[in-house]
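Peer 1: Can you keep this structure in mind? I'll have questions shortly.
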Amino acid sequence: MSTASTTLASTAATRSSSSSASTSITTRQAADATSHVPCSWIWNRGPWILPDNFVFGQSGAGNNWAKGHYTEGAELIDSVLDVVRKEAENCDCLQGFQVCHSLGGGTGSGMGTLLISKIREEYPDRMMLTFSVFPSPKVSDTVVEPYNATLSVHQLVENADECMVLDNEALYDICFRTLKLATPTFGDLNHLISATMSGVTCCLRFPGQLNSDLRKLAVNLIPFPRLHFFMVGFAPLTSRGSQQYRALTVPELTQQMWDAKNMMCAADPRHGRYLTASAMFRGKMSTKEVDEQMINVQNKNSSYFVEWIPNNVKSSVCDIPPKGLKMASTFIGNSTSIQEMFRRVSEQFTAMFRRKAFLHWYTGEGMDEMEFTEAESNMNDLVAEYQQYQDATADEEEYEEEEEEVAA
């Protein structure tokens, strides 16, 4: 029986953090049972995409989350769900859904989270993984980004199982500093994201010595249900069309994938602690060497891992490397330092919401101020939870258990 993963990806997710397009790609096993056939569906509020297999509207959401979620996006959602159902029914064994969208604009954030909630209702036992492009810390494309992002996170906390956090500025930094590209294009940025996405799903598509899938990832990476926002990275980092001049060794791949400069979002893992992490290697290599390297990383950097979750790095090995490489690795980390990004967006949200700035655009689409208050509160709670587990120690946990026993 074939295993399939459905991807809802954003064609413009890295074009700007206010992009408003989304794409869906399903892989299903071909008749010869040896290869997978990609099937895609794409939806957009704007009239930029015309082929028959795309779903599109005649007007954009105007960077307004409420338009994408409640009014114009809601008018289009049934057409999108019909295509989702058709592709899902073609899968023998649906593993789950992958959604790529931006959180700064109107369609990717508003309609994207609406679609996620609808899919969750219809397929409650399938995995929901997102690649979410958050607003960048220094470069703002839209003044209402903090509103759109906060309202989206409020939805993602409840309806997504795993969220891979990305932002354009971190991707640009990788292109400038690591790849030495003078003028990176959105194609270069998307190349980095696609390499990571491929690494996450490679064990679904290819044979390996130590397999993983979307559900195994969730089980190993999420110690608490709300804390499912991950930092991602890839090694070796290469620009489009370039060939590696030499194959990297497993220790070199390990060093690169854990490097803070490799992370594709604006949060520094050195400012927090890892609750859990996953390292997915591709290529011909020894699982023993992989395990040794993971133990080595944890031993040398023990202060950056919480001590109350032992053996908190999951590793997997897929035999088939990416095209043009002999070895590669994909990194996914559940780090408390991700709160830096949430805190930054929350502060920007509060500064505007305190003065009710731009609020009439949202209430005019039928939203209530209470929704903003709830979203802000949820974001602040998320930051507090990450901080709580960053500060927690094994001794404190034991002490709390003893207190509970005495009280009983």
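Note that this note's numbering has the sequence shown beginning at 43, numbered continuously upward.
We put the beta carbon where it would ideally sit given N, CA and C, even for glycine.
So what's Ser-58 in DSSP terms, helix, strand or just coil?
Peer 2: With a pLDDT of only 38 at Ser-58, under 50, the local geometry of the prediction cannot be trusted, and the value read off the model is given with reservation. Ser-58 falls in the coil class under three-state DSSP.
Peer 1: I'd like the span of the alpha helix (DSSP H) that includes Gln-137, first residue to last.
Peer 2: Per DSSP, Gln-137 belongs to no alpha helix (DSSP H); it is in the beta strand (DSSP E), 136 to 144.
Peer 1: Where does Met-239 fall in DSSP's three states?
Peer 2: Helix.
Peer 1: Is there a Cβ of chain D sitting closer than 7 Å to that of Ala-116, yes or no?
Peer 2: The chain inventory of the structure shown lacks chain D, comprising one protein chain alone.
Peer 1: Three or more C-beta pairs under 8 Å: does that hold for the region 378 to 389 against the region 414 to 427?
Peer 2: With the cut-off at 8 Å, the region 378 to 389 and the region 414 to 427 touch.
Peer 1: For Arg-324, list the residues DSSP reports as bridge partners.
Peer 2: Answer by DSSP bridge pairing, in chain order: Cys-360, Ala-370.
Peer 1: For Val-181 versus Ser-144, is the C-beta distance shorter than 7 Å?
Peer 2: No, they are not a contact pair.
Peer 1: Under 8 Å by Cβ, that's how I've got Asn-106 and Tyr-404 pegged, so tell me the actual separation to the nearest angstrom.
Peer 2: Yes, they are in contact, since the Cβ atoms of Asn-106 and Tyr-404 sit about 7 Å apart, within 8 Å.
Peer 1: Pop quiz: Glu-416 and Ala-108 are said to be a contact at Cβ under 8 Å. What is the actual Cβ separation, rounded to whole angstroms?
Peer 2: Not a contact, Cβ separation roughly 14 Å.
Peer 1: What separation, rounded to the nearest whole angstrom, lies between the Cα atoms of Ile-158 and Met-239?
Peer 2: Rounded to the nearest angstrom, the two C-alpha atoms are 18 Å apart.
Peer 1: Taking Glu-204 as part of the beta strand (DSSP E), name the residues at either end of that continuous run.
Peer 2: Looking at the DSSP string, the run of the beta strand (DSSP E) that includes Glu-204 is 204 to 209.
Peer 1: Consult DSSP for Tyr-316 and reduce its assignment to one of helix, strand or coil.
Peer 2: Reduced to three states, the DSSP call for Tyr-316 is strand.
Peer 1: Under the assumption that Met-369 contacts Arg-324 (Cβ atoms under 8 Å), give the Cβ distance between them as a whole number of angstroms.
Peer 2: The pair is a contact, with the Cβ atoms about 7 Å apart (cut-off 8 Å).
Peer 1: State yes or no: is the C-beta of Leu-367 within less than 7 Å of the C-beta of Val-348?
Peer 2: Contact: no.
Peer 1: In the region 381 to 431, which residue ranges form an unbroken alpha helix (DSSP H) of at least 4 residues, counting only runs that do not cross its ends?
Peer 2: Complete alpha helix (DSSP H) runs here, min 4: 381 to 395, 401 to 405.
Peer 1: Tell me whether the region 321 to 341 and the region 235 to 255 touch, counting them as touching only if at least three CB pairs, one residue from each stretch, are closer than 8 Å.
Peer 2: Short answer: they touch.
Peer 1: Exposed or buried, Glu-163, counting other C-beta atoms within 10 Å across all chains shown (16 or more means buried)?
Peer 2: Classification of Glu-163: exposed, given that the 10 Å Cβ count is below 16.
Peer 1: Going by DSSP, what residue range makes up the beta strand (DSSP E) through Met-170?
Peer 2: Taken as a continuous stretch (DSSP letters only), the beta strand (DSSP E) holding Met-170 covers 169 to 176.
Peer 1: Under a Cβ-count criterion, where at least 16 other Cβ atoms within 10 Å of its own Cβ denotes burial, should Pro-177 be classed as buried or exposed?
Peer 2: It is buried - the Cβ of Pro-177 has at least 16 other Cβ atoms within 10 Å.
Peer 1: Helix or strand or just coil, what does DSSP make of Pro-89?
Peer 2: Bear in mind that the predicted position of Pro-89 carries a pLDDT of just 48, short of 50, making it unreliable; the figure below should be weighed with that in mind. DSSP places Pro-89 in coil when its eight states are reduced to three.
Peer 1: Please name the residue in Ala-289, Asp-410, Ala-399 whose C-alpha comes closest to that of Tyr-112.
Peer 2: Comparing Cα positions, the closest option is Asp-410.
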